[in-house]
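Chemist: Can you keep this structure in mind? I'll have questions shortly.
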Amino acid sequence: MNSTPSSPATSPAPFVSNPRVRRKLRQERIAQAVFATMVVLMLLPLLGILVYLVVRGAPLISWEFLTTNPSKGMTAGGIWSALLGTVWLVVVSLAFSAPIGVLAAVYLNEYAKDNWFTRVVNLAVVNLAGVPSIVHALFGLGAFVLFFGMGRSILAASLTLAVMTMPVVITATREALGAVPMSFREACWNVGATRWQTIRRIVLPNAVSGILTGVILEISRKAGETVPIMFTGAVFFRAIPEGDLFAYRLTDQCMALSMHLYTVTTQVTGAPAALPFAVATVLILAIILINATSIAIRAWLRSHRKW
Amino acid sequence: MHDSPPKIKVEQFSSWYGDKPVHKEISFHVRANEVLGIIGPAQSGKTTLLRAINRTLELTAGARSTGTIQVDGEDVRWVANVYELRRKIGMVAPLPVGLPLTIYDNVAFAPRCAGLSRKSDLDALVEKCLRQAALWDEVKDRLDSLGTKLSGGQQQRLTIARALSHQPEILCLDEFSIAIDPVTTMRIEEVLKELRKDITIILVTNLTQQARRLADRTMFLWNGEIIQLDRSEVIFSENPGNQKTYDYVHGIFG
Ligand SMILES: Nc1ncnc2c1ncn2[C@@H]1O[C@H](COP(=O)(O)OP(=O)(O)O)[C@@H](O)[C@H]1O
Ligand SMILES: [Mg+2]
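Those protein sequences? They're chains A and B, same order as listed.
The numbering of the first sequence is the working numbering, which starts it at 183 and goes up by one.
The numbering of the second sequence is the working numbering, which starts it at 424 and goes up by one.
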């Protein structure tokens, strides 16, 4: 090896430890340590919340807790009517926002020309995502509850949630469609396929994982929202037949987990201290479960990627 | 000379991407069953010309064109069914594109889009096209594996099989050998020599010698203009009659 450090002007031989190299290595280690610390700082509160909730709420949670209505001024009993209400709100809302969002995204990504109209639409979608939920709540109240005369109901609340979470699914779908290489589309057009044939046979099947992720993200957002449904269809208390999945109708008002959590925390006196934590644990575990499903689906589809 | 009507007739054709001009009033024709080579440096408008012929140019935002392009005497701009026009023309892009489908479905894609669904018809067609593209022997035992997992050279032959699957009368190849090895290139050239008996071929190529080997006539396109279009013997002779052509063909262009 050449080790003549006599003239520092010539570039040093590789692997020879000199102050500059050592400083660079030290900087590298420091940078890595800083970033890793940030990851820990980010994870700590998340884990803290989860552990705290589960530890305090778990003793109350049982099958019975999930399947009986609240009773005695919500100081006893379970969360059945709230749990089923959340499921109804999410499902009904999804029935509107998922098809509309996905199809609108397909239009915007696959058909629309780049002109002022599409630019306005894109801007609207981006801004809709940033509108505070209280504004959506007021819109839902004005539009669905009053103007369209739906009254405070599952339908009105679901539509409000649908409007609010639409940008999530539109954005995710557009990203998924954009990830399908343009060369696939061109190859299809070259052999005389129409746009729709191309979309149906090539683009959509290969964008499914991204679209599903968007839809599932939407589900967890819908399940967690409180304000929009409070104004448009959720109530503090309602007893429904236990064990009947169709105990609600679209025109009914319903309970919801997120709102129930608010109620038992702030409005009810004499409830066991563990009750709010139990409700929160159920809500969070449900959302984690939904997101885990999304990750699993994605991983599966990724491993079956076709190119 | 015989005077059969031209397969493709281009007249006063000009094109633009936005404000940027590509072709400047070019006119030429392609005879039925000939191989027309198109050579020229990058950016000279070769790809754009092919895309104008099968009307996929209009799918690019901002692309415009004037003049006429006739295929079998019919102005492509006014054809009743643009998808039928595109099926009449097989198109092979520079980079191989295996669709994310099985090998079988890659070839059956276009016929299915055109409405063919009988299994026995599709089977026969898939085999015929894969044989024509000299790929059958390599893939006949794994037709249901993914086309995207083939090697580059195999994918390019799959692309050719797909371009033949809608039984085109014209085959356009756009620098098909740019991403594949010389051995596969020679195999595809053999394929083209077979195909030329039945169909008209436009061969855009970055390898001038490829045009010399295959083309009946060769067009030198430069900067959106036809510098020279003549029989390949002339273009590639010591005295093509045009200094630019001579320089380009002999690699002293610049
Ligand atoms: N999609 C496009 N948008 C804008 N300009 C383009 C596009 N495709 C090609 N061009 C331009 O048109 C000219 C001709 O390109 P092209 O037809 O691809 O040439 P070639 O195939 O001979 O390399 C080039 O100047 C290129 O930059
Ligand atoms: Mg090109």
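Backbone N, C-alpha and C define an ideal beta-carbon position, used for all residues, glycine too.
Compute the beta-carbon to beta-carbon distance between L615/B and I624/B, rounded to the nearest angstrom, for a pair I have assumed lies under 8 angstroms.
Modeler: The residue given as residue 615/B occupies position 192 in the second sequence. The residue given as residue 624/B occupies position 201 in the second sequence. Rounded, the Cβ-Cβ distance is 6 angstroms, consistent with contact.
Chemist: Please confirm whether A453/A and M256/A have their CB atoms less than 9 angstroms apart.
Modeler: In the first sequence, counting from the first residue as 1, residue 453/A sits at position 271. In the first sequence, counting from the first residue as 1, residue 256/A sits at position 74. Yes.
Chemist: Using a Cβ-Cβ cut-off of 7 angstroms (strictly less than) and excluding sequence neighbours within five positions of L303/A, which residues of its own chain qualify?
Modeler: Mapped onto the first sequence, residue 303/A falls at position 121. The question names Leu, but residue 303/A in the sequence shown is Val. Counting only Cβ-Cβ distances below 7 angstroms, and skipping sequence neighbours, we find L290.
Chemist: Out of I469/A, R205/A, R377/A, which one is the CA nearest neighbour of E521/A?
Modeler: Absent from the model: residue 521/A. The displayed extent of chain A is 183 to 489, so no value can be given.
Chemist: Exposed or buried, what is Y430/A when buried is set at 16 or more other beta-carbons lying within 10 Å of its beta-carbon?
Modeler: On the first sequence, position 248 is the one that residue 430/A refers to. So Y430/A counts as buried.
Chemist: Whole angstroms is fine: what's the gap from A294/A's alpha carbon to G396/A's?
Modeler: Residue numbering aside, residue 294/A sits at position 112 when the first sequence is read from its first letter. Residue numbering aside, residue 396/A sits at position 214 when the first sequence is read from its first letter. Approximately 21 angstroms, taken between the alpha carbons.
Chemist: Does the distance from the CB of R510/B to the CB of V313/A come in under 9 angstroms?
Modeler: Locating residue 510/B in the second sequence gives position 87, where the first residue counts as 1. Locating residue 313/A in the first sequence gives position 131, where the first residue counts as 1. Contact: no.
Chemist: Ignoring anything shorter than 4 residues, give me the alpha helix (DSSP H) runs that lie fully in the stretch 488 to 571 of chain B, in order along the chain.
Modeler: Fully enclosed alpha helix (DSSP H) runs of 4 or longer: 505 to 511, 526 to 536, 542 to 555, 559 to 562.
Chemist: Taking the beta strand (DSSP E) that D597/B belongs to, which residues open and close that run?
Modeler: As a working mapping, residue 597/B is identified with position 174 in the second sequence. 593 to 597 is the span of the beta strand (DSSP E), which, as asked, contains D597/B.
Chemist: Just reading off the beta strand (DSSP E) that Y440/B is part of, what are its end residues?
Modeler: Stepping through the second sequence from its first residue, residue 440/B is reached at position 17. Residues 431 to 440.
Chemist: To the nearest angstrom, how far is the alpha carbon of E424/A from that of W262/A?
Modeler: Indexing the first sequence from 1 puts residue 424/A at position 242. Indexing the first sequence from 1 puts residue 262/A at position 80. Cα to Cα, the separation comes out at about 7 angstroms.
Chemist: Quick one, which residues of the stretch 582 to 606 of chain B are near chain A if we go by CB-CB under 8 angstroms, in chain order?
Modeler: Answer set for the stretch 582 to 606 of chain B: T582, R585, A586, S588, H589.
Chemist: Residues in its own chain within less than 6 angstroms of I337/A by CB, not counting five upstream and five downstream?
Modeler: In the first sequence, counting from the first residue as 1, residue 337/A sits at position 155. A quick correction: the sequence has Leu, not Ile, at residue 337/A. Counting only Cβ-Cβ distances below 6 angstroms, and skipping sequence neighbours, we find L432.
Chemist: Do E612/B and ligand 2 come close, with the Cβ less than 8 angstroms from some heavy atom?
Modeler: Here residue 612/B is taken as the residue at index 189 of the second sequence, counted from 1. No, since every heavy atom of ligand 2 falls outside the 8 angstroms radius drawn around the Cβ of E612/B.
Chemist: V549/B versus chain A: which residues are under 9 angstroms apart at the beta carbon?
Modeler: Counting from 1 along the second sequence, the entry for residue 549/B is found at position 126. The premise fails here: V549/B is roughly 14 angstroms from chain A at the closest Cβ pair, so nothing lies under 9 angstroms.
Chemist: Do we get a CB-CB distance below 9 angstroms when we pair V502/B with the residues of chain A?
Modeler: Stepping through the second sequence from its first residue, residue 502/B is reached at position 79. Chain A contact via Cβ: absent.
Chemist: What are the uninterrupted segments assigned as beta strand (DSSP E) that are 3 or more residues long and contained completely in the stretch 443 to 474 of chain B, given in chain order?
Modeler: Fully enclosed beta strand (DSSP E) runs of 3 or longer: 449 to 453, 458 to 462.
Chemist: Taking CB distances under 9 angstroms as the criterion, tell me whether S438/B reaches chain A.
Modeler: Mapped onto the second sequence, residue 438/B falls at position 15. No, because no Cβ of chain A sits closer than 9 angstroms to the Cβ of S438/B.
Chemist: Taking the alpha carbon of V385/A as the reference point, which residue from L524/B, S488/B, H452/B has its own alpha carbon closest?
Modeler: Position 203 of the first sequence holds residue 385/A. Answer by Cα proximity: L524/B.
Chemist: Below 9 angstroms on C-beta distance, what does L566/B contact in chain A?
Modeler: For this step, residue 566/B is matched to residue 143 along the second sequence. Simply none; closest approach about 16 angstroms.
Chemist: To the nearest angstrom, report how far apart A460/A and E246/A are at their CA atoms.
Modeler: By one-based count along the first sequence, residue 460/A stands at place 278. By one-based count along the first sequence, residue 246/A stands at place 64. For A460/A and E246/A, the distance between alpha carbons rounds to 13 angstroms.
Chemist: Return the bridge partner residues of V401/B from the DSSP annotation.
Modeler: It is not possible to answer for residue 401/B, since the shown part of chain B is limited to 424 through 677.
Chemist: What are the start and end residues of the beta strand (DSSP E) that includes F641/B?
Modeler: Within the second sequence, residue 641/B is the residue found at index 218, counting from 1. Looking at the sequence provided, one finds Thr at residue 641/B rather than Phe. That run of the beta strand (DSSP E) goes 640 to 645.
Chemist: Should I466/A and I398/A be called a contact, given that it needs their Cβ atoms to be closer than 9 angstroms?
Modeler: Taking the first sequence and counting its residues from 1, the one referred to as residue 466/A is at position 284. Taking the first sequence and counting its residues from 1, the one referred to as residue 398/A is at position 216. Result no, Cβ atoms of I466/A and I398/A do not sit closer than 9 angstroms.
Chemist: Would you list the one or two residues that DSSP bridges to F253/A?
Modeler: Indexing the first sequence from 1 puts residue 253/A at position 71. The residue you asked about is not Phe; residue 253/A is Ser in the sequence shown. According to DSSP, S253/A bridges with A258/A.
Chemist: In chain order, what are the residues with a CB under 5 angstroms from some non-hydrogen atom of ligand 1?
Modeler: Output, sorted by chain position: Y440/B, V445/B, A465/B, Q466/B, S467/B, G468/B, K469/B, T470/B, T471/B, T483/B.
Chemist: Give me the subset of the stretch 418 to 430 of chain A whose CB atoms are less than 9 angstroms from a CB atom of chain B, sorted by chain position.
Modeler: Cβ contacts with chain B come from no residue of the stretch 418 to 430 of chain A.
Chemist: Take the Cβ of S488/B as the centre, count every other Cβ of all protein chains shown within 10 Å, and call the residue buried at 16 or more, exposed below.
Modeler: Here residue 488/B refers to the residue found at position 65 when the second sequence is read from its first residue. Buried, because 16 or more other Cβ atoms sit within 10 Å of the Cβ of S488/B.
Chemist: When we look at the beta-carbon of A503/B and count the other beta-carbons within 10 Å, is it buried (16 or more) or exposed?
Modeler: As a position in the second sequence, residue 503/B is number 80, starting the count at 1. By the neighbour-count rule (16 or more Cβ atoms within 10 Å), A503/B is not buried but exposed.
Chemist: Taking contact to mean 3 or more Cβ pairs, one atom from each stretch, closer than 8 angstroms, check whether the stretch 634 to 646 of chain B and the stretch 455 to 471 of chain B are in contact.
Modeler: Taking 8 angstroms as the limit for Cβ pairs, the verdict is that the stretch 455 to 471 of chain B does touch the stretch 634 to 646 of chain B.
Chemist: Could you tell me which chain A residues have their CB closer than 9 angstroms to the CB of C536/B, listed as they occur along the chain?
Modeler: What you label residue 536/B is simply residue 113 of the second sequence in a count that begins at 1. Within 9 angstroms Cβ-Cβ: C370, V373, G374, A375, T376, Q379, T380, R383.
Chemist: List the residues of chain B that N388/A touches, going by C-beta distances under 8 angstroms, in chain order.
Modeler: For this step, residue 388/A is matched to residue 206 along the first sequence. Near N388/A (Cβ distances below 8 angstroms), the residues of chain B are P523.
Chemist: Got a sec: is the Cβ-Cβ distance from K488/A to anything in chain B below 9 angstroms?
Modeler: Along the first sequence, read from residue 1 onward, the residue named residue 488/A stands at position 306. Yes, because at least one Cβ of chain B sits closer than 9 angstroms to the Cβ of K488/A.
Chemist: Are there any heavy atoms of ligand 2 lying less than 8 angstroms away from the beta-carbon of P517/B, as far as the coordinates show?
Modeler: What you label residue 517/B is simply residue 94 of the second sequence in a count that begins at 1. Because some heavy atom of ligand 2 lies under 8 angstroms away, the Cβ of P517/B counts as near it: yes.
Chemist: In or out: K497/B buried (at least 16 other Cβ within 10 Å) or exposed?
Modeler: If you number the second sequence from 1, residue 497/B lands on position 74. At residue 497/B the sequence reads Glu, which differs from the Lys that was named. Classification of E497/B: exposed, given that the 10 Å Cβ count is below 16.
Chemist: Listed in chain order, which residues of the stretch 280 to 314 of chain A have Cβ atoms closer than 7 angstroms to some Cβ of chain B?
Modeler: Residues K295, D296.
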